[in-house]
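Colleague: Numbering (the numbering used here), first residue to last: 5 to 170.
Glycine included, every Cβ here is placed at the ideal spot set by N, Cα and C.
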């Protein structure tokens, strides 16, 4: 139990930041999903084989927890369409920045695998190519090539569709 407490203290901030980025900076959701991630990790701790670093393993669990959450939310919204309260929009540049990030997050979510996972791990958790390669069972150079090609593709899409240059 003490070993897992140390793991929690060491990696909770990283997992929380990763889930904040995945959830579009929804702090409440990121907090809940962080707790669920560590709960699932605790349950699976005996199965950790050490084939990747602990941080990488926790990010994989977090990504799976987030995916499950998204699927559940989509089912619930399909069953009961809720009327959402209007959200106060940030002024000027902040609105444009927020809009840009939302578009980019959506484009990343639409990517095919492994490009989507490479982008999510690289951008949202700032994982190294070696860590990404370990998770996806590809070579680090392959992860770097996928990332660079996908960035170029996203830049092109953003410019063509939305007139943004990133």
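1. So what's residue 118 in DSSP terms, helix, strand or just coil?
2. Would you please state the rounded distance, in angstroms, between the beta carbons of residue 63 and residue 14? I believe it to be under 8 Å.
3. Is DSSP giving residue 6 helix, strand or coil here?
4. Evaluate residue 66 with the Cβ neighbour count: other Cβ atoms within 10 Å of its Cβ, from every protein chain shown; 16 or more gives buried, anything less gives exposed.
5. I need the straight-line Cα distance from residue 7 to residue 35, nearest angstrom please.
6. Does the structure place the region 50 to 59 close enough to the region 118 to 126 that three or more beta carbon pairs sit under 8 Å?
7. Since I believe residue 41 is in contact with residue 19 (beta carbons under 8 Å), could you give me their beta-carbon distance rounded to a whole number of angstroms?
8. Run the CB neighbour count on residue 30, radius 10 Å, all protein chains shown included, and call it buried at 16 or more, exposed below.
9. Could you spell out where the alpha helix (DSSP H) holding residue 159 opens and where it closes?
10. Can you give me the C-alpha to C-alpha distance between residue 148 and residue 79, rounded to a whole angstrom?
11. Which value, in whole angstroms, describes the spacing of the CA atoms of residue 163 and residue 57?
12. Is residue 30 helix, strand or coil when you go by DSSP?
13. Mind checking residue 74: buried by the 16 CB within 10 Å criterion, or exposed?
14. With burial defined as no fewer than 16 other Cβ atoms inside 10 Å of the residue's Cβ, what is the status of residue 138: buried or exposed?
15. Put residue 141 into one of helix, strand or coil per three-state DSSP.
16. Smallest Cα separation from residue 60: which of 113, 122, 106, 104?
17. Look at the alpha carbon of residue 106 and the alpha carbon of residue 150, and state the distance between them as a whole number of angstroms.
Modeller: Checking against the coordinates, here is how it stands:
1. Coil, per DSSP.
2. Between residue 14 and residue 63 the Cβ distance is about 13 Å, and since that is not below 8 Å, they are no contact.
3. helix
4. buried
5. 22 Å
6. no
7. 6 Å
8. exposed
9. 144 to 161
10. 35 Å
11. In this structure, the alpha-carbon of residue 163 lies about 37 Å from that of residue 57.
12. It is coil, neither helix nor strand.
13. exposed
14. buried
15. coil
16. 122
17. 22 Å
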